[in-house]
Amino acid sequence: SAVISQKPSRDICQRGTSLTIQCQVDSQVTMMFWYRQQPGQSLTLIATANQGSEATYESGFVIDKFPISRPNLTFSTLTVSNMSPEDSSIYLCSVDWFHGYTFGSGTRLTVV
Amino acid sequence: AQSVSQHNHHVILSEAASLELGCNYSYGGTVNLFWYVQYPGQHLQLLLKYFSGDPLVKGIKGFEAEFIKSKFSFNLRKPSVQWSDTAEYFCAVNADSGNTPLVFGKGTRLSVIA
């Protein structure tokens, strides 16, 4: 299966600042998916990132708050902008590798 | 759009008890179904998945799940749980059209006590 390297693994950030999360896949994939897991909650899809086009955002998530880059078939970044304590969550990327979804190890973000 | 319901928020079992966690999905087309486990402090791990064929799917760690199409269900079972099965369990579904994201249920927390 594909292997995803995600970083940083955790960070503590001041409110009003931004954090960029990186995901590197060891194989070329068409789509990458970004999820958020709030404390004690399930995973919620933020957006789908397709190489060469703008990401598609789910209801409740906007590009200005969560800009995504997908410069090539193995890499993507998610930025959490103008952070507030409500953004404290685990953020994960995922790829569909021959119908075996693989997840990054997650970025645990705490906003203070 | 797909949606997933997991009926049990928190299940507490004694070791050696049998486990069944409910999962129902809503979608009019063909779906793929998954169960993931998240141990405390760890990331998601795939337990099993169903795409087609035998509706009884066997996964890792002695888990199995049965797809009942008429009931839109994909319940997870294990005949005898262990303390190490304490974790959060997530049911997920995606449309069978390739490269579509997973939609997750809210999860069921399983606590196994000695």
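Residue numbers (my numbering), protein chains in the order written: chain B, 1 to 112; chain Y, 113 to 226.
Ideal Cβ positions, reconstructed from N, Cα and C, are used throughout, including at glycine.
Show which residues of chain Y have a CB atom less than 7 Å away from the CB atom of residue i.
i	result
G106 (chain B)	H155
L78 (chain B)	Simply none; closest approach about 14 Å.
T74 (chain B)	Neighbours of T74 (chain B) on chain Y: none; closest Cβ ~16 Å, over 7 Å.
T48 (chain B)	P213
Measuring straight from C-alpha to C-alpha, what distance separates residue i and residue j?
i	j	result
I63 (chain B)	T56 (chain B)	9 Å
I46 (chain B)	Y139 (chain Y)	20 Å
V80 (chain B)	R36 (chain B)	11 Å
S115 (chain Y)	T44 (chain B)	12 Å
Q24 (chain B)	I172 (chain Y)	27 Å
N144 (chain Y)	Y162 (chain Y)	6 Å
C203 (chain Y)	Y151 (chain Y)	15 Å
T20 (chain B)	T220 (chain Y)	31 Å
I90 (chain B)	K190 (chain Y)	29 Å
F216 (chain Y)	Q22 (chain B)	23 Å
Please compile the residues from chain Y whose C-beta is within a distance smaller than 8 Å of the C-beta of residue i.
i	result
S42 (chain B)	F202, F216, G217, K218 and G219
L109 (chain B)	None at all; the shortest Cβ gap to chain Y is about 15 Å.
T20 (chain B)	Within 8 Å Cβ-Cβ: nothing; T20 (chain B) doesn't reach chain Y, min ~20 Å.
How would you list, in chain order, the residues of chain B whose beta-carbon sits under 8 Å from the beta-carbon of residue i?
i	result
N211 (chain Y)	T30, M31 and D96
N144 (chain Y)	H99
F163 (chain Y)	H99
L158 (chain Y)	G100 and Y101
Span of the beta strand (DSSP E) holding residue i?
i	result
K7 (chain B)	I4 to K7
K161 (chain Y)	Q157 to Y162
Y201 (chain Y)	A199 to A207
W279 (chain Y)	In the structure as shown, chain Y begins at 113 and stops at 226. Residue 279 (chain Y) is therefore absent and cannot be evaluated.
P71 (chain B)	I68 to N72
Short of 6 Å in beta carbon distance, which residues of its chain neighbour residue i, apart from the five on each side in sequence? Order them along the chain.
i	result
Y101 (chain B)	S94
Quick one: what's got a C-beta closer than 7 Å to residue i's C-beta in the same chain, skipping five residues either side?
i	result
N111 (chain B)	A small fix is needed here, since residue 111 (chain B) is Val in this sequence, not Asn. Excluding positions up to five away in sequence, the list reads C13, R15, M83, S84, P85, D87 and S88.
T105 (chain B)	A small correction: the amino acid at residue 105 (chain B) is Ser; Thr does not occupy that position in the sequence shown. If we look at S105 (chain B) and ignore the five residues flanking it on each side, its Cβ neighbours are Q6 and S9.
H119 (chain Y)	G134
Looking only at its own chain, which residues have a Cβ that is under 8 Å from the Cβ of residue i, when we skip the five neighbours before and after it?
i	result
K181 (chain Y)	P167
L125 (chain Y)	L131, V193, L222, S223, V224 and I225
F66 (chain B)	W34, I46, A47, Y57, L78, T79, V80 and S81
At 9 Å on the CB atoms, spell out the chain Y contacts of residue i, in chain order.
i	result
L45 (chain B)	P213, L214, V215 and F216
At a cut of 8 Å, does the segment 125–136 of chain Y reach the segment 170–188 of chain Y through at least three beta carbon pairs? Yes, they touch.
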